[in-house]
Amino acid sequence: MSIVSRRILVTGGAGFLGSHLCERLLEAGHDVLCVDNYFTGRRDNVAHLIGNPRFEVMRHDVTFPLYVEVDEIYNLACPASPVHYQHDPVQTTKTSVHGAINMLGLAKRLRARILQASTSEVYGDPQVHPQREDYWGHVNPIGYRSCYDEGKRCAETLFFDYHRQHRLRIKVARIFNTYGPRMHPNDGRVVSNFIMQALAGEPITIYGDGSQTRSFCYVDDLISGLVALMETEDAVTGPINLGNPVELSIRELAEAVIELTGSSSELVFAPLPHDDPVQRRPDITLARSTLGWQPRVALREGLQRTIAYFERLRDELGPSGRKP
Ligand code: NAD
Ligand code: UDP
Ligand code: UDP
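Here it is, written out as structure tokens:
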């Protein structure tokens with residue numbers, strides 16, 4: 025990690041990944057400006073950082089222009105849970121596309137390096153397995169997930185066009201399913217749902233028959249990958265996959281959560297959401313060779329830390345995980 029202190033903007037900084045990133049950058053001695061509109065993020069996620077004189081929070085929606093002075097930009101603003109991004113799909117596309125244009129415009133004026141939090145969803149329901157960066161994907165342009173998938177694909181297009189046309193220094197990370205403390209307890213994603221259900225002794229809701237697969241990366245590993253990518257020389261633009269290549273079925277995940285929580289919850293089966301990808305696993309050869317990066321935290325260890333977080337939250341806030 026560089027020892028030179030920089031001013032760094034993190035959009036979506038009050039969200040799950042953003043809050044961990046702000047923390048990591050502050051620990052490295054940088055000045056951090058966290059910008060968030062609190063759509064899915066929470067002030068609580070960054071409350072412990074507020075006293076730090078190097079940390080600043082600004083309520084702002086990235087679909088509107090932003091005039092600040094920074095050296096680097098991590099663009100994370102965008103709801104990531106299917107439940108949330110489908111709640112207001114037009115706003116989701118605006119956040120990805122107008123947000124990218126505004127942050128790229130800002131980076132262009134400042135000649136700042138800019139990193140985009142892209143996603144494995146650019147591969148859609150992949151027909152190539154595992155997914156490598158040179159796979160163009162299999163994406164429905166008009167479905168329920170399209171606001172997110174196509175918004176993120178268009179953001180990648182914008183990043184590469186600003187790179188070619190305006191010689192911007194860009195970094196594009198394709199993030200695969202990531203979990204850990206500070207996921208929103210009601211955010212609808214599978215890890216938080218299963219843990220909250222198991223802790224409450226409620227049925228665990230498996231969508232479909234649970235044979236669909238995902239590969240889950242612990243948040244600390246993911247943040248190390250993002251920071252390592254930002255630190256690379258200008259010639260490295262990505263896109264580069266960041267995720268944990270250990271793949272398991274959703275049913276296996278449910279069984280692991282039941283075992284680790286010691287829960288008596290039963291499994292119940294509910295309809296599969298539209299266009300739910302059948303399989304997903306990153307090929308991280310490029311991240312290994314370019315960044316010298318690979319995940320270190322095994323699933324059981326990561327789940328244990330995440331369960332401990334949700335247990336604390338439940339004890340503080342009650343079973344719903346929300347403040348009364
Ligand atoms: P999150 O929902 O916890 O965080 C997103 C943050 O962006 C929230 O704080 C939200 O309030 C903020 N935000 C949303 N729209 C905004 C807007 N218009 N202006 C300003 N702020 C806005 O989700 P996360 O898991 O932390 O994801 C962060 C980023 O990483 C997202 O861009 C997401 O697409 C990407 N990503 C995450 C995962 C994952 O598994 N966690 C996987 C792939 C990609
Ligand atoms: N922009 C911003 N902050 C800046 C500079 C630009 O938010 O410091 C926004 C502005 O809204 C603009 C967009 O970024 O529309 C794209 O900027 P760019 O310079 O690429 O385009 P132009 O201003 O020429 O349309
Ligand atoms: N899922 C599930 N039960 C839940 C939430 C999600 O079975 O309560 C499934 C979902 O259908 C998908 C997988 O778990 O196959 C991962 O879902 P998530 O929303 O976390 O992320 P995705 O990878 O689909 O964006």
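Per this note's numbering, residue 25 is the first one in the sequence shown, and the count goes up by one each step. Backbone N, C-alpha and C define an ideal beta-carbon position, used for all residues, glycine too.
Query, Result
"Just to confirm the assignment, what range does the beta strand (DSSP E) spanning Ala141 have?", "137-143"
"Express the C-alpha separation of Ala197 and Asp244 in angstroms, rounding to a whole number.", "15 angstroms"
"Asn99 bridges to which residues according to DSSP?", "Thr35, Gln140"
"Could you please give the first and the last residue of the uninterrupted beta strand (DSSP E) stretch that includes Phe40?", "Here Phe40 belongs to no beta strand (DSSP E); instead the alpha helix (DSSP H) covers 40-51."
"Report the CB separation of Pro103 from Thr64 in whole angstroms; it is logged as a contact under 8 angstroms.", "5 angstroms"
"Can Arg213 be considered in contact with ligand 1, in the sense that its beta carbon sits closer than 8 angstroms to one or more heavy atoms?", "yes"
"Is Glu180 helix, strand or coil when you go by DSSP?", "helix"
"So, helix, strand or coil for Val70, using DSSP?", "coil"
"When you compare the region 142-157 with the region 307-315, are there three or more beta-carbon pairs, one atom per stretch, that lie closer than 8 angstroms?", "yes"
"Is Leu277 helix, strand or coil by DSSP?", "helix"
"Bridge partners for Pro81 per DSSP, in chain order?", "Looking at the sequence itself, residue 81 is Val, so the reference to Pro does not match. Answer is Cys58, bridged to Val81."
"Among residues of its own chain, excluding the 5 on either side of Leu134, which ones have a beta-carbon nearer than 8 angstroms to its beta-carbon?", "Glu93, Val94, Asp95"
"When burial is assigned at 16 or more other CB atoms within 10 Å of the CB, is Gln140 buried or exposed?", "buried"
"So which of Asp112, Leu315, Leu130, Pro106 has the shortest CA-CA distance to Leu33?", "Leu130"
"Which residues in the same chain have their Cβ closer than 6 angstroms to the Cβ of Asn201, if we skip the five residues on either side of it in sequence?", "Arg238, Phe240"
"In angstroms with no decimal places, state the Cα-to-Cα distance between Leu296 and Gln221.", "18 angstroms"
"For Gly326, which residues of its own chain have a beta-carbon under 6 angstroms away from its beta-carbon, when the five flanking residues on both sides are left out?", "Tyr242"
"Beta carbon of Lys118: closer than 8 angstroms to some heavy atom of ligand 2?", "no"
"Classify Glu340 as buried or exposed, calling it buried when 16 or more other Cβ atoms lie within 10 Å of its own Cβ.", "exposed"
"Report the rounded CA-to-CA distance for Leu45 versus Gly37, giving the unit in angstroms.", "7 angstroms"
"Bridge partners of Arg198, per DSSP?", "Ser142, Asn265"
"Please report the straight-line C-alpha distance between Pro227 and Ser287, rounded to a whole angstrom.", "10 angstroms"
"Quick one: give me the first and last residue of the beta strand (DSSP E) that Ile166 is part of.", "It is not in any beta strand (DSSP E) - Ile166 carries neither H nor E in the DSSP assignment."
"In the structure shown, what three-state DSSP assignment does Thr256 receive?", "coil"
"Taking Cβ to Cβ, would you say Asp60 is nearer than 9 angstroms to Gly39?", "yes"
"Drop a sphere of 10 angstroms on the beta-carbon of Ile230, count the other beta-carbons inside from all chains shown, and report buried for 16 or more, exposed for fewer.", "buried"
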